[in-house]
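Top to bottom, those sequences are chains A and B. Using the working numbering, the letters of the first sequence correspond one by one to residues 716 to 1161. Using the working numbering, the letters of the second sequence correspond one by one to residues 54 to 298. As structure tokens, the structure follows; a few thoughts come after it.
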Amino acid sequence: MKVRRILAVWTAKAACGICRHIGRQGVTWAGKLALMIYPPILQELAGEVREKIFIVCGTNGKTTTNNLLCSALEAEGEKVICNHTGSNMLNGVAAAFVLAADLWGNVDADYACIEVDEASTRHIFPQFHPDYMVLTNLFRDQLDRYGEIDITIDILKGVMNSAPQMEVIVNGDDALSAFLAMECKNPWIAYGIGEQVADTSDSKEMREGRFCRKCGARLSYRFYHYSQLGDYACPKCGFARPPIDYDAREVQLGDQLSFRVGKERIVANYRGFYNVYNILAAYAAAKNAGFALTHFNQMLKEFHPENGRMEQFRIRDTSIVLNLAKNPAGFNQNISAVMADESLKDLIIVINDNDQDGTDVSWLWDVDFDRFCGDRIHSITVSGIRCQDMRLRLKYTDIPSILEEDVESAIWGRVVDGCGNLYVLVNYTALFSTRNILKKLEGEKS
Amino acid sequence: MREGAKKRELVIGHLYPDLLNLYGDRGNIACLMKRCQWRGIQAKTVEFESEDRVDFGSLDIVLLGGGSDREQMLVCEKLKKIRQDFKDYVEDGGVVLAVCGGYQLLGKYYQTREGTIEGLHLVDLYTEQGERRLIDNIVLQSPLCKMPVVGFENHGGRTYINGNKPFGKVLYGSGNDGSSGYEGVIYKNVIGTYLHGPLLPKNPQICDHLLQKALERKYHSAELTPLDDKQEQEANAYMVKRLIK
């Protein structure tokens, strides 16, 4: 059977190579081919990982957290398998292992860091049982695919119960995630931000799970960070934010962010409050697995994910930031990050409704777009398959926009007539194509 | 400014946004509010959370949104307290837009695998949980407007409307129960529907229908200044063209 395994690896590598050559992302296709040729390939290759397997789940922050975790382990000298690109369903996960294999069909790795789409955990866990699961948060996302957030929680409950040895590293500030961890028999530890950072009392944001999962009473909050994340307690049954093992304090946000966890001061050159959670989650997971993490700050300094998460480009004299924004919680965080830049800016919002985005675009109406008003916004352009819906969304906030369905024309148009500072916010399937366009224009026009 | 001459005001009551707030209900509110304001009609929204008392006498339009099955179970207890007042409001011609879970709650009951959620008994209809969820874009032809109605449906329940008038005939999608070919319900000035997306922004004629009915009831005249709906029409037409060949 080894021959089939080798054949699967070769085929997948060739498929991926061809796709890269013609400028497409062939990772999931490569994984699919490998599983078709040799179905037990994921199970077998995962079994060859010498030490531990981490998976990262949760609505937002999976890719950044997982890549940070991978880099943190590599900085400690470990060999790590990782699905860097964020292909997180069965085929993408299989591809991460298959593409890491050598030509004899074997992997040489100490650890694996794998982000997994919540609904796909059902298909992954029969293949291998992770040693650790990081659970970042649970927000509403792609309701048409998951039905309801309750269904996602049930799926995660199922897989956690199927792997009772797996240790869970959970965001204690999220009542939904924390309750899930408490309810299951798995050992768990929590991370969180233990002090109020931003005043969000007037936010109209949708808050998931404001009612106690245990008894149904309304949770009371000492403070909110964003969405439903914060310091909560149930006045009726006593369910509350758990004791926090990795507690971030003295959080400072701005052009760079920093915080203290235990005795360690952590500094990173990123914007966005949510990155505190991403860094903290990776830190907690690695520390909990026994790593000293003496190189953690150095790793953060060198961490430049080329995956459309706050990725920077320069075309002619325009500096461009590309960022993924695929659900209300993520989009609201993006708006905060964009508006923290006080200079004049142009904005392009690209909205697709392909299967992987969720074909239902009603979530656009749950985003606080009214915060995109004022004289620091030079222009807003709407683009992508559902640009019409996006334009309408802005119209009902009294914000005019330019409609340009073609993403390349939109970007080039704003490079030509914009103010030199451009943010491009895109949802999931628009990410890869938009990134390609930006790279292409950067090469051609510079 | 004919309308400005006589100052008119509409009050929109949003029921239990703390529990029933799935699927962009805020879009329906924004649409009702803006289409009043753009015409010089005063509009305000009052949110009633689950512990608040609802004074139907002060309301011109009531919006009952969607929630998860679990949250609907929580809301059904609260609803018993307001059932009679709500019924009087509906029978008096009060305008209601009930979406998804809210639509199911208009009826007698929603039978799920976990148990029965008792409804408000406002309209003679009932819902039973089906095998799979009906999830897709949807297009209707409604007697309430010329433009096709576009939206998105995502429901596990199958709703049976017992001879009531449907909100529309299904041109694309599943509708009430996946087989009758109809979607939603119209009863007096109540619209119940599975369409979110949200419903009103891409279907401005439905929004104006609700405003018109509310103005008629309050002021006995319902003149609405036409608005420039080009963007709404384009967004609507794009989906119709894409779904119906």
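The C-beta atom is built at its ideal place from N, Cα and C for all residues, glycine as well.
On a Cα-Cα basis, can you pick out the residue from the options that is closest to residue i?
i: L1008/A; options: F1147/A, K978/A, N1022/A, Q1027/A; result: K978/A
i: E789/A; options: F1018/A, V883/A, I866/A, G820/A; result: F1018/A
i: G1135/A; options: S1034/A, V966/A, L1153/A; result: S1034/A
i: D105/B; options: G118/B, Q95/B, M126/B, P70/B; result: P70/B
i: V203/B; options: S1077/A, F812/A, I733/A, F1147/A; result: S1077/A
i: Q182/B; options: L197/B, T165/B, D108/B, L193/B; result: T165/B
i: E1057/A; options: H1093/A, D1085/A, A729/A; result: H1093/A
i: I884/A; options: V874/A, D846/A, Q911/A; result: D846/A
i: R964/A; options: Y936/A, K1160/A, Q1013/A, I908/A; result: I908/A
i: I721/A; options: G741/A, C731/A, Y753/A, I737/A; result: Y753/A
i: N1022/A; options: M751/A, K1016/A, G801/A; result: G801/A
i: F109/B; options: E171/B, G209/B, G118/B, I135/B; result: I135/B
i: V718/A; options: G820/A, F894/A, G746/A, N852/A; result: G820/A
i: V912/A; options: Q967/A, D1070/A, K1160/A, I1114/A; result: Q967/A
i: D970/A; options: N1047/A, S1051/A, R1031/A, K900/A; result: S1051/A
i: L280/B; options: T180/B, D145/B, P257/B; result: P257/B
i: L891/A; options: K872/A, I1126/A, A996/A; result: K872/A
i: L1079/A; options: N1047/A, E863/A, F1028/A, R956/A; result: N1047/A
i: Y240/B; options: G93/B, G147/B, W91/B, E100/B; result: G147/B
Considering only their Cβ atoms, is the gap separating residue j from residue i smaller than 9 Å?
i: C797/A; j: I829/A; result: yes
i: Q943/A; j: D869/A; result: no
i: N1042/A; j: T779/A; result: no
i: T743/A; j: A834/A; result: no
i: L268/B; j: I259/B; result: no
i: F954/A; j: D946/A; result: no
i: T1168/A; j: L1062/A; result: Absent from the structure is residue 1168/A, since the part of chain A shown begins at 716 and ends at 1161.
i: G1073/A; j: D856/A; result: yes
i: R88/B; j: L197/B; result: no
i: L187/B; j: P201/B; result: no
i: V849/A; j: I839/A; result: no
i: L1037/A; j: V1141/A; result: yes
i: N1003/A; j: I981/A; result: no
i: L150/B; j: F139/B; result: no
i: Y992/A; j: T851/A; result: yes
i: K1160/A; j: I1030/A; result: yes
i: V795/A; j: V724/A; result: no
What does residue i touch in chain B if you count any residue whose Cβ is under 7 Å from its own?
i: Q1103/A; result: E287, A288, Y291
i: D1081/A; result: G77, R79
Just list the residues that DSSP pairs residue i with in beta bridges.
i: I884/A; result: V849/A, I904/A
i: A963/A; result: I908/A, V976/A
i: K97/B; result: V64/B
i: Y936/A; result: Y947/A
i: N1038/A; result: L1140/A
i: T169/B; result: Q164/B
i: F205/B; result: N190/B, H249/B
i: R1062/A; result: First, the residue type needs correcting, since residue 1062/A is Leu and not Arg in the sequence shown. I1095/A, Y1138/A, per the DSSP bridge assignment.
i: L53/B; result: Residue 53/B lies beyond the stretch modelled for chain B, which goes from 54 to 298, so this question has no answer here.
i: F1028/A; result: I1035/A
i: V223/B; result: L193/B
i: V771/A; result: E830/A, V849/A
i: Q182/B; result: G210/B
What in chain B is Cβ-close to residue i, meaning under 8 Å?
i: R1106/A; result: Q284, A288
i: G931/A; result: L127
Taking Cβ-Cβ distances shorter than 9 Å, what residues in chain A pair up with residue i?
i: A96/B; result: The contacting residues do not exist; A96/B stays about 13 Å from chain A at best.
i: P254/B; result: W1080, D1104, L1107, R1108, K1110, Y1111
i: P251/B; result: S1077, W1080
Please compile the residues from chain A whose C-beta is within a distance smaller than 7 Å of the C-beta of residue i.
i: F109/B; result: Correct list: empty, because the minimum Cβ distance to chain A is about 24 Å.
i: K87/B; result: Y1111
i: C84/B; result: Y1111
Just the chain A side, please: which residues come within less than 8 Å of residue i by C-beta, in chain order?
i: C129/B; result: The contacting residues do not exist; C129/B stays about 12 Å from chain A at best.
i: S121/B; result: E863, I864, D865
i: A151/B; result: Residues of chain A passing the Cβ test: none, with the nearest at roughly 16 Å.
i: C198/B; result: Under the 8 Å cutoff, chain A gives no residues; its nearest Cβ is about 17 Å from C198/B.
i: N229/B; result: Neighbours of N229/B on chain A: none; closest Cβ ~18 Å, over 8 Å.
i: N217/B; result: Those within 8 Å of N217/B in chain A number zero; the least Cβ separation is about 26 Å.
In chain B, what lies closer than 9 Å to residue i by C-beta?
i: D1070/A; result: The contacting residues do not exist; D1070/A stays about 11 Å from chain B at best.
Quick one: which chain D residues come within Cβ less than 9 Å of residue i?
i: R925/A; result: Here chain D cannot be found, since the structure's protein chains are A and B.
I'd like to know if the segment 174-186 of chain B and the segment 275-283 of chain B are in contact, where contact means that at least 3 CB-CB pairs between them fall below 8 Å. no
Is there contact between the segment 71-86 of chain B and the segment 221-239 of chain B, where contact requires at least three CB pairs shorter than 8 Å? no
If contact is defined by three or more beta carbon pairs under 8 Å, each pair taking one atom from either stretch, is the segment 145-160 of chain B in contact with the segment 106-126 of chain B? yes
For the 8 Å Cβ check, are there 3 or more pairs between the segment 279-295 of chain B and the segment 235-247 of chain B? no
Any contact of the segment 79-93 of chain B with the segment 1142-1161 of chain A, i.e. 3+ C-beta pairs under 8 Å? no
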